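First residue of the sequence shown? That's 366 in the numbering used here, and the numbers climb one at a time after it.
C-beta atoms are modelled at their ideal positions from N, C-alpha and C, and glycine is treated no differently.
These numbers come from a predicted model, not from an experiment.
Below is one structure, written out as structure tokens; comments come after it.
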Amino acid sequence: MNTRTRAYADLLRLHFFFAWPVLFCSGFLLAATVYGTYTTLDLVRAALIGFFGFEAGFVLNDYVDCEYDRRDIEADRLTRYWRIFGTRPLPAGLIPPRDALALFCILSASAALLIVSLPFPNSVFVLAIMAVSYGLEVFYQVRKRNQALPLAQLAGRIDFALFPVAGYLCIGSPDMTALLYFLFFYPFAEAHLAVNDMIDLKNDRARGMETVTTLLGMRGSVAWISGFLAIHVVMALLFMTVLGWIARAGIAAGLLLLVSALAVLSRRSDPDSGMKVLPLFHGAMLLYAVSIILDSVW
366 MNTRTRAYAD LLRLHFFFAW PVLFCSGFLL AATVYGTYTT LDLVRAALIG FFGFEAGFVL
426 NDYVDCEYDR RDIEADRLTR YWRIFGTRPL PAGLIPPRDA LALFCILSAS AALLIVSLPF
486 PNSVFVLAIM AVSYGLEVFY QVRKRNQALP LAQLAGRIDF ALFPVAGYLC IGSPDMTALL
546 YFLFFYPFAE AHLAVNDMID LKNDRARGME TVTTLLGMRG SVAWISGFLA IHVVMALLFM
606 TVLGWIARAG IAAGLLLLVS ALAVLSRRSD PDSGMKVLPL FHGAMLLYAV SIILDSVW
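In structure tokens form, the structure reads like this:
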């Protein structure tokens, strides 16, 4: 594999490629249990919307922060975890920013073209979420450069929480089930973000970023994570009321992983502990999504 190919694999976080269609389709298939049947073509289209849309978000993230990422002083933790070859291709000069912007346009346009093929008004719902999500991503990247309170984080993770809801709205309506999925996933997204901030503390300080951890410290970050996970548990119990037993079991298993992660962070609050528990967060997310999918098809 040549250097440029490896650079694009890192830009797109390609080793996680499967996670985003799975998460998106969990919403899609949940809607199918409420609103009726779907075709294989509908499912493939939803998976591609999720893949293209989320990958475009990764590229947008790196494009907006390109100049700040040049200040990084550590690449063996979070950068290596999210990027299989351990590079940030734009600040490293492996991919020109204009090429990254072109790739974002191609990926987002591909998602948009698939979205407009959805029936009305579902296409409008999903297009609106895509536009809002990209706007929130840019706001998050820019706002966290200068803030006294972690407001960027509170607003910026709405986009992640809306992602499976967009999958739901491909064939569903903005109903109580969609709202419960959002309320369930948003506090998880906030806790997950704070774990990332704990791990990347040295780089965020070098970049001059005001993250949860640079603003609140390590113990404050653990308190942030604990608070949002407590909300997450409450929302999970409410969300379970509209789910079957397979999804309930999967969510319960995911919550156990998160409790284990919190126990680790409570004993020791540092970047290394954050690295230990980050896979538990991603394991919980996959348990949620896969169990909802299995619950929907069985």
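{"query": "Applying the criterion that 16 or more other CB atoms from any shown protein chain within 10 Å of the CB defines a buried residue, is F382 buried or exposed?", "result": "exposed"}
{"query": "Assuming A421 and F469 make a contact with CB atoms under 8 Å, what is their CB distance in whole Å?", "result": "5 Å"}
{"query": "Could you pull out every residue in the same chain whose Cβ sits closer than 8 Å to the Cβ of M640, ignoring the five residues on either side in sequence?", "result": "R442, L443, Y446 and I564"}
{"query": "Inspect the CB distances between the region 637 to 651 and the region 595 to 610 and report whether three or more fall short of 8 Å.", "result": "no"}
{"query": "Going by Cα to Cα distance, which pick from A372, L479, Q506 and I449 is closest to D430?", "result": "Q506"}
{"query": "May I have a chain-ordered list of the alpha helix (DSSP H) segments no shorter than 4 residues that lie completely inside the region 428 to 455?", "result": "431 to 434 and 443 to 447"}
{"query": "Ordered along the chain, which non-local residues of its own chain (more than five positions away) have a Cβ less than 7 Å from that of M600?", "result": "L548, F549 and P552"}
{"query": "On a CA-only basis, which of S625, I658 and V560 is nearest P636? Give me that one, please.", "result": "V560"}
{"query": "With burial defined as no fewer than 16 other Cβ atoms inside 10 Å of the residue's Cβ, what is the status of V489: buried or exposed?", "result": "exposed"}
{"query": "Once DSSP output is grouped into helix, strand and coil, what is the label at E555?", "result": "helix"}
{"query": "Using the Cβ count rule (16 or more neighbours within 10 Å means buried), how would you classify E432?", "result": "exposed"}
{"query": "Excluding sequence positions up to five away, which residues of its chain have a Cβ less than 6 Å from the Cβ of I523?", "result": "L501"}
{"query": "Under the three-state reduction of DSSP, which class applies to G648: helix, strand or coil?", "result": "helix"}
{"query": "Please tell me whether L468 has its Cβ less than 7 Å away from any Cβ of chain C.", "result": "Absent here is chain C; the protein component of the structure consists of one chain."}
{"query": "Report yes if the CB atom of L534 is closer than 7 Å to the CB atom of N487, and no otherwise.", "result": "yes"}
{"query": "Find out if the Cβ-Cβ distance for the pair A372, P461 is shorter than 7 Å.", "result": "no"}
{"query": "Would you mind stating whether I417 and P386 have Cβ atoms separated by less than 7 Å?", "result": "Checking the sequence, you will find Phe at residue 417 rather than Ile. Not a contact, by the Cβ cut-off of 7 Å."}
{"query": "Can you look up E502 in the DSSP assignment and give me helix, strand or coil?", "result": "helix"}
{"query": "Return the CA-CA distance between A595 and T368, expressed in angstroms with no decimal places.", "result": "44 Å"}
{"query": "Which one of V662, S656 and P456 has the shortest CA to CA distance from L388?", "result": "S656"}
{"query": "With DSSP as the reference, label Q518 as helix, strand or coil.", "result": "helix"}
{"query": "Helix, strand or coil for C535? Go by DSSP, reduced to three states.", "result": "coil"}
{"query": "How big is the Cα-Cα spacing for L472 and R632?", "result": "42 Å"}
{"query": "Apply the 10 Å Cβ neighbour rule to M541 and answer buried if 16 or more other Cβ atoms are within range, or exposed otherwise.", "result": "exposed"}
{"query": "In chain order, what residues of the same chain have a beta carbon less than 8 Å from the beta carbon of R570, not counting five sequence neighbours either side?", "result": "T579"}
{"query": "For I460, name the three-state secondary structure that DSSP assigns.", "result": "coil"}
{"query": "Between which two residues does the alpha helix (DSSP H) carrying F389 extend?", "result": "A384 to Y400"}
{"query": "Distance, Cα to Cα, K509 vs L516?", "result": "8 Å"}
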